[in-house]
Amino acid sequence: MLLYTLYLIAITAEAMSGALVGMRRGMDRFGLCLVGTATALGGGTVRDVLLGNYPLTWISHSNYVFITIGAALLAATLAPWLRHLQGLFVAVDALGLIAFTIIGCNVGLKLGVSTPIVVLAGAITGVCGGMLRDLLCNEIPLVLRQDLYASIALAAGGLYLLLLHWGVTADTASVAVLVSGFATRMLAVRFHWQLKVYSSADAGGAH
Amino acid sequence: MLLYTLYLIAITAEAMSGALVGMRRGMDRFGLCLVGTATALGGGTVRDVLLGNYPLTWISHSNYVFITIGAALLAATLAPWLRHLQGLFVAVDALGLIAFTIIGCNVGLKLGVSTPIVVLAGAITGVCGGMLRDLLCNEIPLVLRQDLYASIALAAGGLYLLLLHWGVTADTASVAVLVSGFATRMLAVRFHWQLKVYSSADAGGAH
Amino acid sequence: MLLYTLYLIAITAEAMSGALVGMRRGMDRFGLCLVGTATALGGGTVRDVLLGNYPLTWISHSNYVFITIGAALLAATLAPWLRHLQGLFVAVDALGLIAFTIIGCNVGLKLGVSTPIVVLAGAITGVCGGMLRDLLCNEIPLVLRQDLYASIALAAGGLYLLLLHWGVTADTASVAVLVSGFATRMLAVRFHWQLKVYSSADAGGAH
Numbered sequence: 010m011l012l013y014t015l016y017l018i019a020i021t022a023e024a025m026s027g028a029l030v031g032m033r034r035g036m037d038r039f040g041l042c043l044v045g046t047a048t049a050l051g052g053g054t055v056r057d058v059l060l061g062n063y064p065l066t067w068i069s070h071s072n073y074v075f076i077t078i079g080a081a082l083l084a085a086t087l088a089p090w091l092r093h094l095q096g097l098f099v100a101v102d103a104l105g106l107i108a109f110t111i112i113g114c115n116v117g118l119k120l121g122v123s124t125p126i127v128v129l130a131g132a133i134t135g136v137c138g139g140m141l142r143d144l145l146c147n148e149i150p151l152v153l154r155q156d157l158y159a160s161i162a163l164a165a166g167g168l169y170l171l172l173l174h175w176g177v178t179a180d181t182a183s184v185a186v187l188v189s190g191f192a193t194r195m196l197a198v199r200f201h202w203q204l205k206v207y208s209s210a211d212a213g214g215a216h
Numbered sequence: 010m011l012l013y014t015l016y017l018i019a020i021t022a023e024a025m026s027g028a029l030v031g032m033r034r035g036m037d038r039f040g041l042c043l044v045g046t047a048t049a050l051g052g053g054t055v056r057d058v059l060l061g062n063y064p065l066t067w068i069s070h071s072n073y074v075f076i077t078i079g080a081a082l083l084a085a086t087l088a089p090w091l092r093h094l095q096g097l098f099v100a101v102d103a104l105g106l107i108a109f110t111i112i113g114c115n116v117g118l119k120l121g122v123s124t125p126i127v128v129l130a131g132a133i134t135g136v137c138g139g140m141l142r143d144l145l146c147n148e149i150p151l152v153l154r155q156d157l158y159a160s161i162a163l164a165a166g167g168l169y170l171l172l173l174h175w176g177v178t179a180d181t182a183s184v185a186v187l188v189s190g191f192a193t194r195m196l197a198v199r200f201h202w203q204l205k206v207y208s209s210a211d212a213g214g215a216h
Numbered sequence: 010m011l012l013y014t015l016y017l018i019a020i021t022a023e024a025m026s027g028a029l030v031g032m033r034r035g036m037d038r039f040g041l042c043l044v045g046t047a048t049a050l051g052g053g054t055v056r057d058v059l060l061g062n063y064p065l066t067w068i069s070h071s072n073y074v075f076i077t078i079g080a081a082l083l084a085a086t087l088a089p090w091l092r093h094l095q096g097l098f099v100a101v102d103a104l105g106l107i108a109f110t111i112i113g114c115n116v117g118l119k120l121g122v123s124t125p126i127v128v129l130a131g132a133i134t135g136v137c138g139g140m141l142r143d144l145l146c147n148e149i150p151l152v153l154r155q156d157l158y159a160s161i162a163l164a165a166g167g168l169y170l171l172l173l174h175w176g177v178t179a180d181t182a183s184v185a186v187l188v189s190g191f192a193t194r195m196l197a198v199r200f201h202w203q204l205k206v207y208s209s210a211d212a213g214g215a216h
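Residue numbers (our numbering), protein chains in the order written: chain A, 10 to 216; chain B, 10 to 216; chain C, 10 to 216.
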């Protein structure tokens, strides 16, 4: 129930974020809706296609598509005001990342795949929406270059499984992972924590 | 039968259009064949992967792949002359868009998914081929930025379902949608109808 | 057994090659791991998603993911030295291309698809990893533009099927295709054999 509410908030926020990136690349209204929807539902779609978990969520629950289209159009209308809410977006996006990751882990657990794949299923759900957004907008996916984002998804998935393994109930584990994952992500944003970024000089002329 | 003929014409035209875009990006002959094939068969492939509708059309009917490869090589050979036929390409592409959309709706109906997903399945079939072409050529997909294209696919799919719902036979509905969709698309091209396109200024520094 | 050993060598080499390309595009350590893994396992994943062949290899054998992540991190650490090994990389990549192609053909044969699709399944396995790498790094896939690479995969797949059709055992056919495919690829690299590359001038203003 908690996760379901967070899921709805997260897909709304992700759809708005996708639409705002699309606006800056000169897309029309349809493009915004598509990029917003791909950002919001793309992570779960990639996960389910890789796991062969059919039917896809948004195909059996088509109302999710209407939510993301509505959110994208709303973002386009409100864009001039949304610039004052950037902090809110970052926070909702961080919550969404962790909520998506936990939901993805639960799908992996339900399908009975091995532990590393459960964690990967969670991380894929968390980060692939943003990767699709960046591919459609012809940019190198931010998640491949930027501060601790995917790493937090992987760590959150690992922690969630560890808590379940220790006998913690799914609800308690979800809340614990949400709080700690959200806090870590916000601290990473605030203090610009990031993994070592490589430059051309590091790669040399090796390949 | 009508749709099957249109399908063959449409995949030929789409494969040629993909090959011509690939030529302008400096691809070799293999690249042209692959981009042409992805443009022609990509929309149906994305639809079937999302719907879990296996086996894919071109895997059970591999002759379609030979048609698209042949069309791509033909386009490369004829390129200097094809520039005089641009109007014909636009018309065939418009017919293909509507034919693909109707075929995609029929697949959705056969699988028994909900009405909004049937319309989406149609639109995905119509537009995803061109999106794959643009991704492979490292461009922001035209369909996300340009005049009424995807919107016409959505409207055509909706009209088709409405006609079926009113008891019109599939054949009559197909012809009605083909004629009206084709006319709308040609008018949109002729008079540069388009949805509002957003610029960086609209998006502000919001995200 | 031979193919399995070659497969392990090939995914290691492909993961390192993906990581080195990612380094030159300013990715962080997570990005390198993801691009390396996508390069190594992406070809087989695309093939299996298109053929509906579930579960995917790396989902039932998650240790492959650890191998590719390890190889990507190793490449990042060793990058300054790897520039002296470029010749070795090209050779291992050529072996990997042929090994992936034979493995892909075997999957197609096992699933009982038609002959042209078996050859395509092989070529997709061989080349799609590199295409994913280039898409994630925001480049036009090299395989669409460059010297005989995909064409060799198609020819190797065709030769393999031909040998099996003539009653040659799978082991003997694999060795024969590996040796001849590897030699052709190395000669293509050495003498810059390539298919005709098209330029904007060829395409004219056709589309």
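Glycine residues also receive a C-beta, built at the ideal position from the N, C-alpha and C atoms. This structure is a prediction, so every number in the text was calculated from the model and none was measured.
Presumed contact (8 Å Cβ cut-off) between residue i and residue j, rounded CB distance
i: C:Ala28; j: C:Ala81; result: 4 Å
i: B:Pro125; j: A:Ser71; result: 4 Å
i: A:Ile76; j: A:Leu129; result: No, A:Ile76 and A:Leu129 are not in contact; Cβ-Cβ is about 27 Å, not under 8 Å.
i: B:Leu170; j: B:Val127; result: 6 Å
i: C:Cys137; j: C:Gly31; result: With a Cβ gap of about 17 Å, C:Cys137 and C:Gly31 do not count as contacting.
i: A:Thr134; j: A:Arg56; result: 5 Å
i: C:Leu60; j: C:Leu12; result: With 8 Å as the limit, C:Leu60 and C:Leu12 do not qualify as a contact, their Cβ atoms being about 19 Å apart.
i: C:Val58; j: A:Val58; result: 6 Å
i: C:Leu144; j: B:Leu144; result: 7 Å
i: C:Ala85; j: C:Arg38; result: 7 Å
Unbroken alpha helix (DSSP H) run spanning residue i, endpoints
i: B:Asp57; result: Arg38 to Leu60
i: A:Leu65; result: Looking at the DSSP string, A:Leu65 is not in any alpha helix (DSSP H), and its letter there is neither H nor E.
i: C:Gly31; result: Leu11 to Arg33
Residue i, DSSP secondary structure in three states
i: A:Tyr158; result: coil
i: A:Gly121; result: coil
i: C:Ser71; result: coil
i: A:Asn231; result: Here chain A covers residues 10 to 216 and nothing more, so residue 231 of chain A does not appear.
i: C:Val177; result: coil
i: C:Trp202; result: coil
Own chain, CB closer than 6 Å to residue i, minus 5 neighbours either side, in chain order
i: A:His216; result: Its pLDDT being 40, under 50, A:His216 is placed unreliably by the model, and the measurement read from it follows with that caveat. Result list for A:His216: empty, nothing under 6 Å.
i: B:Asn115; result: none
i: C:Ser189; result: none
i: A:Leu168; result: Val186
i: B:Cys42; result: Ile78 and Ala81
i: B:Gly213; result: Model confidence at B:Gly213 stands at a pLDDT of 48, short of 50, so the residue's coordinates are unreliable; what they give is reported in the following sentence. Closer than 6 Å at Cβ, skipping near neighbours: no residue.
Same chain only: Cβ atoms within 8 Å of residue i, ignoring 5 sequence neighbours per side
i: A:Arg132; result: The residue you asked about is not Arg; residue 132 of chain A is Ala in the sequence shown. Same-chain partners within the cutoff: Thr110, Gly113, Ala159, Ala162, Leu163 and Gly166.
i: B:Ile20; result: Ala49, Leu50, Tyr73, Ile76, Thr77, Ala80 and Gly105
i: A:Leu172; result: Thr181, Ala182, Ala185 and Val186
Sequence-distant residues of its chain with Cβ nearer than 7 Å to residue i (five each side left out)
i: B:Arg34; result: Cys146
i: A:Met36; result: Val44
i: C:Phe3; result: Lying outside 10 to 216, the shown extent of chain C, residue 3 of chain C is not represented and no answer is given.
i: B:Gly40; result: Gly31
i: C:Arg142; result: Gly27, Val30, Val44, Ala47 and Thr48
i: A:Leu118; result: Val127
i: B:Phe191; result: Ala103, Leu104 and Ile107
Task: Sufficient close CB pairs (3 or more, under 8 Å) joining the region 168-180 of chain C to the region 59-75 of chain C - done: Verdict: no, contact absent.
TODO: Indicate whether the contact test is met: 3 or more Cβ pairs, each with one atom in the region 100-118 of chain C and one in the region 38-57 of chain C, closer than 8 Å.
DONE: yes
Task: Within 8 Å of chain E by C-beta, residues of the region 43-66 of chain A in sequence order - done: In the displayed structure, chain E is absent; the protein chains listed are A, B and C.
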